[in-house]
Amino acid sequence: MSLKQEIQRRKTFGIISHPDAGKTTLTEKLLLFGGAIQTAGAVKSNKIKKTTVSDFMEIEKQRGISVATSVMAFEYKDLKINILDTPGHQDFAEDTYRTLTAVDSAIVVIDVAKGVETQTEKLVNVCRMRNTPIIVFINKLDREGKDPIDLLDEVEQKLGLRVRPLSYPVGMGSTFKGVYSMYEKKLVLFRPHGKQAEEDTIEIKDLADPMLEKHIGERAAKTLREEIEMVESVYPEFDVEAYRRGELSPVFFGSAVNNFGVRELLDCFVDIAPTPLPRTTEEREVLPEEDKFSGFVFKIHANIDPRHRARIAFVRICSGTFERNKNYLHVRQGQQMRFSNPTSFMADKKEVIDEAYPGDVVGLHDTGNFKIGDTLTEGEELHFKGIPSFSPEQFRYVENADPMKSKQLAKGLDQLMDEGVAQLFTKETSGRKIIGTVGALQFDVIQYRLQHEYGASCTYEPVNLSKACWVTCADPAAFKEFLSRRSRDMARDKDGNLVFLAESAWALKMAQENHPKVQFHFTSEMNGKRDG
Ligand code: G4P
């Protein structure tokens, strides 16, 4: 098969949701359709059910599971579909943000009763930053929930998405009868527990067809006709190009646990979801069909066996063909590297692969050479964009608790930061080190992993901070003044970039007002331009 054909048959996406909306269940049903797993229950939920911070076994288990389920590939209708797993726990949200840089589209799962929840909002925001095409799946229709139209309004308002329902539910909860698919012009009757039969799908091209009454009864038929008429008049016509530009999101209704509405979702997904998209680098746009291989690291996972320091770097292939045992340039280090055991991950197994194509993800064994955002190419110096660090929200001073182990501590911190577990800032004035994270759980993870993987121990001290943002300024004089006035609030990140540490939202606002020429950035990505 030619490279072009390989690209054309790939779709790489992520499923995002607030914990408990049904992401794991939906993933599993999709894998069952693709034959990648045979039995339900094979995909372990990767969420930490107990959120007690001291439950380290749970954290370790989580890490083990999430390596295994990092990428779940399956074949469906001659396509190769890669699902990139995103951690459910909100303290690992940054992992999810970064995984979203490696997908070409996303499916958002929303619980019909709970509606749009906070985590969904944050994750959809990240997708919107990159215009990632989104399909919405409203789940748990077998339970009572919000009125569909109200829910569609909520999705539009809270998520800032323009939506277009492509299916519509008939009843809900105890009166749930099924869905009408506007996409395929058919009525699908609900049978619990995935016991759908062929006769449960009835083609109804025209809703005036009396077949509708026969299957769902007079009242439900009347309501459905009215509701669909309204939907057709209120919502724009479905436009696949608008979807692919990230401007319009089709919506499906169903019940993942009952395997209902999932095939319709999948069939539409394979029709409309984009094949591997071009990626931007600081230098130029990289097209998937280019001959030469390029890819970037979007996730690093420490080996769960602490006796082996090796880690796995996950590389999204952006162009060309990746080959086993071929020399590639590690752009940041200016070093040639070859990989004898590149791995692909399936639902519950991994295997060494010889080749991989754009849209695929390969796991590379790493002894500490990679950090998130690193690029591999056949020689060209490219730097992929869109893999930022996000401004952390929780901070603590980190202190060495064992003077004999300061080297181990430094190394451990360095590597954990490369993995993207947290961010390390060094105060300009005092040289004290501050760890910044998105969630509180990370502090315990860091302490635990330093101890178990590096033999180092640290303690934390509280620090009164609420936000860290990267600062740049086009006017050197104004920047100098800002830096001298705010020297006590300044720090450097791991790459030496200047960071302003704000004690409160108010302090940040004041700094912004008093120094209008200084730009405050909430992600580390500043169009490749870094002052300081
Ligand atoms: P997550 O990955 O998004 O966190 O959610 P997950 O799939 O683990 O689903 C969360 C809970 O919601 C699970 O119940 C799951 O069975 C249930 N669920 C998923 N889809 C549906 C649906 O369509 N209808 C209903 N009624 N429930 C659904 P649990 O009790 O937490 O776990 P389990 O013991 O059932 O596995």
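When the sequence shown is numbered by numbering that gives the first Met the number 0, its final residue is 531 and no position is left out of the sequence of numbers.
We treat Cβ as the ideally placed atom computed from N, Cα and C, and that holds for glycine.
Check, Outcome
"What's the gap between the Cα of F369 and the Cα of A312?", "7 angstroms"
"What runs of the beta strand (DSSP E), each 3 residues or longer, lie entirely inside the segment 219–252?", "248–252"
"State buried or exposed for F521, treating a residue as buried only when at least 16 other CB atoms are found within 10 Å of its CB.", "exposed"
"Could you pull out every unbroken alpha helix (DSSP H) segment of at least 4 residues lying fully inside the segment 258–306, listed in chain order?", "261–271"
"Comparing the CB of D141 with every heavy atom of ligand 1, is any distance shorter than 6 angstroms?", "yes"
"Along the alpha helix (DSSP H) that carries E512, what are the first and last residues, could you check?", "504–513"
"For K10, which three-state DSSP category applies?", "strand"
"Flag M258 as yes when its Cβ comes closer than 6 angstroms to any non-hydrogen atom of ligand 1, and as no otherwise.", "Reading off the sequence shown, one finds Asn at residue 258, where the question assumed Met. Not under cutoff, so the answer is no."
"According to DSSP, simplified to helix, strand and coil, what is M215?", "Reading off the sequence shown, one finds Ile at residue 215, where the question assumed Met. Three-state result, I215: helix."
"To which residues does DSSP link H520 through a beta bridge?", "W469"
"I'd like to confirm something about P86: is its beta-carbon nearer than 6 angstroms to some heavy atom of ligand 1, or not?", "no"
"Going by the CB atoms, is the gap between A504 and F424 shorter than 7 angstroms?", "no"
"Pick out whichever of L211, F237, T119, D359 has its Cα sitting closest to the Cα of Q156.", "T119"
"To the nearest angstrom, how far is it from the Cα of G454 to the Cα of D443?", "15 angstroms"
"Looking at C-alpha atoms only, which residue of L449, H514, M509, D373 is the closest neighbour of P475?", "H514"
"Could you check the C-alpha separation between L150 and A20 for me, to the nearest Å?", "14 angstroms"
"Less than 6 angstroms between the CB of D365 and some heavy atom of ligand 1, yes or no?", "no"
"With DSSP as the reference, label V444 as helix, strand or coil.", "helix"
"Do you know how far the Cα of T374 is from the Cα of S318?", "12 angstroms"
"Keeping to the same chain, check which residues put their C-beta closer than 7 angstroms to that of G33; ignore five residues upstream and five downstream.", "F73, E74, Y75, I80"
"Could you tell me if K204 is buried or exposed, where buried requires 16 or more neighbouring beta carbons within 10 angstroms of its beta carbon?", "exposed"
"For G21, verify whether its CB is less than 6 angstroms away from any heavy atom of ligand 1.", "yes"
"Using the Cα positions of E396 and K426, report the straight-line distance between them to the nearest angstrom.", "Sequence check: residue 396 is Tyr here, not Glu. Rounded to whole angstroms, Y396 to K426 spans 10 angstroms at the Cα level."
"Return the CA-CA distance between Q518 and P164, expressed in angstroms with no decimal places.", "40 angstroms"
"For S53 and R8, what's the separation of their Cα atoms in angstroms?", "Confidence is the limiting factor: at S53 the pLDDT is only 44, short of 50, which leaves the residue's position unreliable, though a coordinate-based value still follows. Cα to Cα, S53 sits roughly 44 angstroms from R8."
"Does ligand 1 have a heavy atom nearer than 6 angstroms to the CB of T24?", "yes"
"Is the separation between the beta-carbon of V542 and that of T342 shorter than 7 angstroms?", "Since the first and last residues shown for the chain are 0 and 531, residue 542 lies out of range."
"When you compare only the Cα positions, how much space is there between H300 and E418?", "7 angstroms"
"Roughly how far, in whole angstroms, is the beta-carbon of L541 from the beta-carbon of V108, given that I think they are within contact range, below 8 angstroms?", "Since the first residue shown for the chain is 0 and the last is 531, residue 541 is missing from the structure and cannot be characterised."
"Sort K493, K404, E281, S173 by Cα distance to F383 and report the nearest one.", "E281"
"Find the nearest neighbour of D494 within the set I445, R243, Q422, judged by alpha-carbon distance.", "Q422"
"Please state whether DSSP places A501 in a helix, a strand or coil.", "strand"
"Can you tell me whether M336 is helix, strand or coil according to DSSP?", "strand"
"Which residue from G372, D413, E377 puts its Cα closest to that of T100?", "G372"
"Assign T366 to one of three DSSP states: helix, strand, or coil.", "coil"
"If you draw a straight line from the C-alpha of K432 to the C-alpha of K121, how long is it?", "28 angstroms"
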